[in-house]
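Just below is one structure, and these are the notes that go with it.
2 protein chains.
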Amino acid sequence: MKKIKLGIVGTGIAARDLHLPGLLELENKFEIVALFNRTKEKAIRFSNYLNNNPKIYDSYDELLDNVEAVDLALPVQLNYEFIEKALKKGVNVICEKPISVNVEEGKKIVELSRRYKNVVYIAENYRHFSAYDKIKELTSKIGEVYYLQWNLWIYMSKDNKYANTPWRQNPEHIGGFISDAGVHHVASMKKIFGDIKWVYGSVKNITDYLGGPDLLSSTFEFENGILGNYNVSYALDGKNVLMIKGELGDIIFEDDIIKVVKYKDKVIEYYDDYKTHDENSYKKEFEDFYEVINGKENNLGNTEEALKDLAFIEAAIKSNGEKRIYIDDLIR
Amino acid sequence: MKKIKLGIVGTGIAARDLHLPGLLELENKFEIVALFNRTKEKAIRFSNYLNNNPKIYDSYDELLDNVEAVDLALPVQLNYEFIEKALKKGVNVICEKPISVNVEEGKKIVELSRRYKNVVYIAENYRHFSAYDKIKELTSKIGEVYYLQWNLWIYMSKDNKYANTPWRQNPEHIGGFISDAGVHHVASMKKIFGDIKWVYGSVKNITDYLGGPDLLSSTFEFENGILGNYNVSYALDGKNVLMIKGELGDIIFEDDIIKVVKYKDKVIEYYDDYKTHDENSYKKEFEDFYEVINGKENNLGNTEEALKDLAFIEAAIKSNGEKRIYIDDLIR
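Top line first, the protein sequences correspond to chains B and F. Each residue of the first sequence is one higher than the one before, starting from 1 at the first, in UniProt numbering. Each residue of the second sequence is one higher than the one before, starting from 1 at the first, in UniProt numbering.
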């Protein structure tokens with residue numbers, strides 16, 4: 001199959017540290033022919049990482065006339081406008097998660113992806129981690145499952161590179177880090193147990209340097225009836241543990257190791273072949289994007305799934321500690 | 001000080017396995033002079049554990065005429081009636097938790113305890129565990145505290161002695177085990193961080209042999225602003241972990257060991273002198289009851305505190321997965 005002429009739009013941290021290492025391994029699939037960044041010097045600096053002298057454009061419109069696909073790694077509030085422009089010019093899009101600043105705008109992106117024949121692929125790298133597929137497979141070992149709990153304590157110091165992005169410090173996207181990072185976790189949970197029916201959430205604001213709330217405790221129910229409890233803070237440190245409880249035991253995912261713990265017969269099985277840190281999920285998402293452009297069904301970069309990821313977080317925030325919100329009521 | 005003539009009313013599992021071992025160590029404070037049980041043979045059998053030949057009565061009224069205090073260890077739905085009768089006859093009362101079947105009836109018991117001069121002491125043994133005092137003291141080591149989580153997986157098999165009590169199999173008390181055992185946990189959390197403002201809860205019913213729901217996930221807020229998350233099941237097994245998160249680290253209470261974990265300087269301090277299983281909290285509560293009868297303020301057996309313990313659980317159940325309920329709205 002032929003190489004796709006790709007333009008990278010937004011040459012910040014995500015493009016450089018996350019996407020580029022994957023793309024450099026996919027030189028037989030993508031040729032990075034074009035760069036655009038609002039601050040042109042950043043695009044020039046980015047071009048130094050490449051050997052093929054991509055063209056640096058002064059405008060996004062001009063870039064669109066010279067590529068087959070764009071990789072949008074922009075402040076999230078620009079996603080809608082940039083996706084629409086690309087589609088109008090017949091250009092395929094891969095766009096960093098979250099899909100949008102809120103569900104209302106996300107719905108418009110879903111609409112765009114239905115209206116235009118070109119691909120809109122939301123880059124949710126957690127959907128490409130095989131650990132969550134393995135966890136899903138292992139649930140058969142613990143009998144009927146009743147409860148999932150995910151505690152994530154992702155402490156970010158004042159000098160964290162993401163915390164210092166201006167668009168993250170004064171977020172236009174709902175809940176700040178709670179949605180920005182949170183959609184990853186929702187995507188993973190949905191990968192294991194499917195869609196979520198409703199969410200109740202309560203947030204706190206601990207730090208003054210992380211834009212928006214930085215502690216969330218939420219309860220939710222999967223469509224299949226499993227009760228969930230997702231607790232996350234970007235201001236507090238600690239052990240990150242995903243725990244799934246069934247009638248015969250637990251599945252525990254901690255420190256990149258999956259454990260199956262059976263209490264009655266005291267058996268603990270370890271699975272350490274699913275290390276998310278060793279797995280290039282960004283490369284996988286670009287490979288998948290390539291195949292989707294070439295006709296494969298868009299399951300892992302689907303805008304509707306990305307919208308539901310964000311809807312979980314928006315429901316948790318709008319719940320405001322008071323009452324649960326149904327995902328269907330938000331997204332329909 | 002003189003010995004108090006005590007009657008034990010309800011000679012079931014709690015009286016035998018929990019209260020009696022403590023009372024036998026307090027022979028200088030209490031003399032068990034009287035027993036009453038609806039099924040008289042059980043009272044006769046119980047008398048075999050004692051050396052002083054207590055009198056076995058055919059009626060509760062008759063017993064009340066011959067004692068200074070009663071220990072009520074009855075199916076919870078009988079608490080109100082039995083407490084009232086004792087007070088009318090000028091008899092002091094120690095009564096097993098929960099205070100009552102629901103908040104409405106609990107409020108009537110609080111009223112009784114205000115109206116009569118004799119003592120009404122609700123026996124909540126968890127309030128007598130020193131581990132929770134130690135945890136409270138250690139919170140100063142982790143800076144400002146933001147979050148508490150308690151996971152309790154207290155699997156009860158079909159042949160569990162408590163699960164087989166008829167009044168527990170067809171509970172008149174709200175939420176079955178969720179309140180019966182749950183008030184212990186609420187009392188402990190309140191001992192650490194004080195009163196609770198509101199509770200949101202969602203329950204599931206996993207087994208058919210435990211009366212009522214047997215899985216609860218709840219979110220709540222202490223009056224001091226700390227967010228809490230209490231998850232408990234009597235149908236699922238697992239590790240019981242109390243985790244308190246502050247700006248500098250965590251306090252973890254697990255397997256009867258208190259750990260202070262500081263993430264930045266990687267310090268872990270262990271405190272293993274507060275083993276709840278080695279501590280005779282029942283003896284302590286009877287000692288305290290004795291002192292309260294002799295004029296000490298009733299802090300640990302206070303009916304108002306016991307009512308608030310139950311109100312947490314009732315709020316969680318009535319919340320019904322839909323919306324949070326304020327404790328004050330329930331108890332006022």
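For glycine and all other residues, C-beta sits at the position ideal for the given N, C-alpha and C.
A direct Cα-Cα distance of roughly 32 Å separates D180/B from N52/B. Between the alpha carbons of S217/B and N231/B lies a distance of about 4 Å. C-alpha of D214/F to C-alpha of D250/B: approximately 17 Å in a straight line.
Residue pairing for M243/B: DSSP places it in a beta bridge opposite Q149/B, I252/B. By DSSP's assignment, A43/F forms no beta bridge with any residue. Chain B has no Cβ within less than 9 Å of the Cβ of I251/F. For a cut-off of 8 Å, the C-beta gap from Y60/B to F82/B is around 7 Å, short enough to register as a contact. For E124/B, the closest alpha carbon among the candidates L330/B, E297/B, E285/B is that of E285/B. Considering only T303/B, S140/B, F46/B, the residue with the shortest C-alpha distance to G246/B is S140/B. The residues M156, A163, G176, F177, Y234, A235, in chain order, have a CB closer than 7 Å to that of L210/B in the same chain once the five nearest residues on each side in sequence are set aside.
With contacts defined by Cβ atoms closer than 9 Å, K283/F and P75/F do not form a contacting pair.
Residues of the region 208-220 of chain F with a C-beta atom less than 7 Å from some C-beta of chain B are L215, S217, T219, listed in chain order. DSSP places T219/F within a strand segment (E or B) once states are collapsed to three.
For Y270/B, the closest Cβ of chain F is not nearer than 9 Å.
The bridge partners DSSP lists for S233/F are W153/F, L215/F. Three or more Cβ pairs closer than 8 Å define a contact, and the region 183-190 of chain F meets that threshold against the region 296-313 of chain F. Under the Cβ distance rule, K308/F does not count among the residues neighbouring chain B, no pair being separated by less than 9 Å.
The beta carbon of A34/B lies closer than 7 Å to those of G7, P54, K55, Y57, L63, N66, V67 in the same chain, with the five residues before and after it left out. Rounded to the nearest whole angstrom, the CA to CA distance from V93/F to D328/F is 26 Å. Under the DSSP assignment, S140/F falls outside any beta strand (DSSP E); it carries neither an H nor an E label. With a cutoff of 9 Å on beta-carbon distance, E221/F and I196/F are scored as near each other. In this structure, P171/F and G201/F do not form a Cβ contact; the two beta carbons are roughly 17 Å apart against a cut-off of 8 Å. Around the CB of N229/F, 16 or more other CB atoms lie within 10 Å, so the residue is classed as buried. Under DSSP, W167/B takes part in no beta bridge, so it has no partner.
For V33/B, the enclosing beta strand (DSSP E) begins and ends at 30-36. Within the region 59-85 of chain F, complete beta strand (DSSP E) segments of at least 3 residues are found at 69-72, given in chain order.
For E269/F, there is no enclosing alpha helix (DSSP H); the enclosing beta strand (DSSP E) has its first and last residue at 267-271.
Residue burial is scored here from C-beta neighbours: I268/F has fewer than 16 other C-beta atoms within 10 angstroms and is therefore classed as exposed. The Cβ of D256/B sits no closer than 9 Å to any Cβ of chain F. Sequence-ordered contacts of the region 301-329 of chain B with chain F read G321, E322, K323, R324 [C-beta pairs closer than 7 Å]. Ranking I325/B, K190/B, L330/B, H277/B by CA distance to the CA of W198/B puts I325/B first. The residue from G10/B, E105/B, F253/B, K239/B with its alpha-carbon nearest to that of T276/B is F253/B. Going by DSSP, E285/B is part of no beta strand (DSSP E) but of the alpha helix (DSSP H) stretching over 281-293. Below the 8 Å Cβ cutoff, chain B contributes no neighbours of D159/F, its closest Cβ being approximately 14 Å away.
S202/B sits in a strand when the DSSP states are folded into three classes.
Interface residue (Cβ-Cβ distance to chain B less than 9 Å): E223/F is not classified as such.
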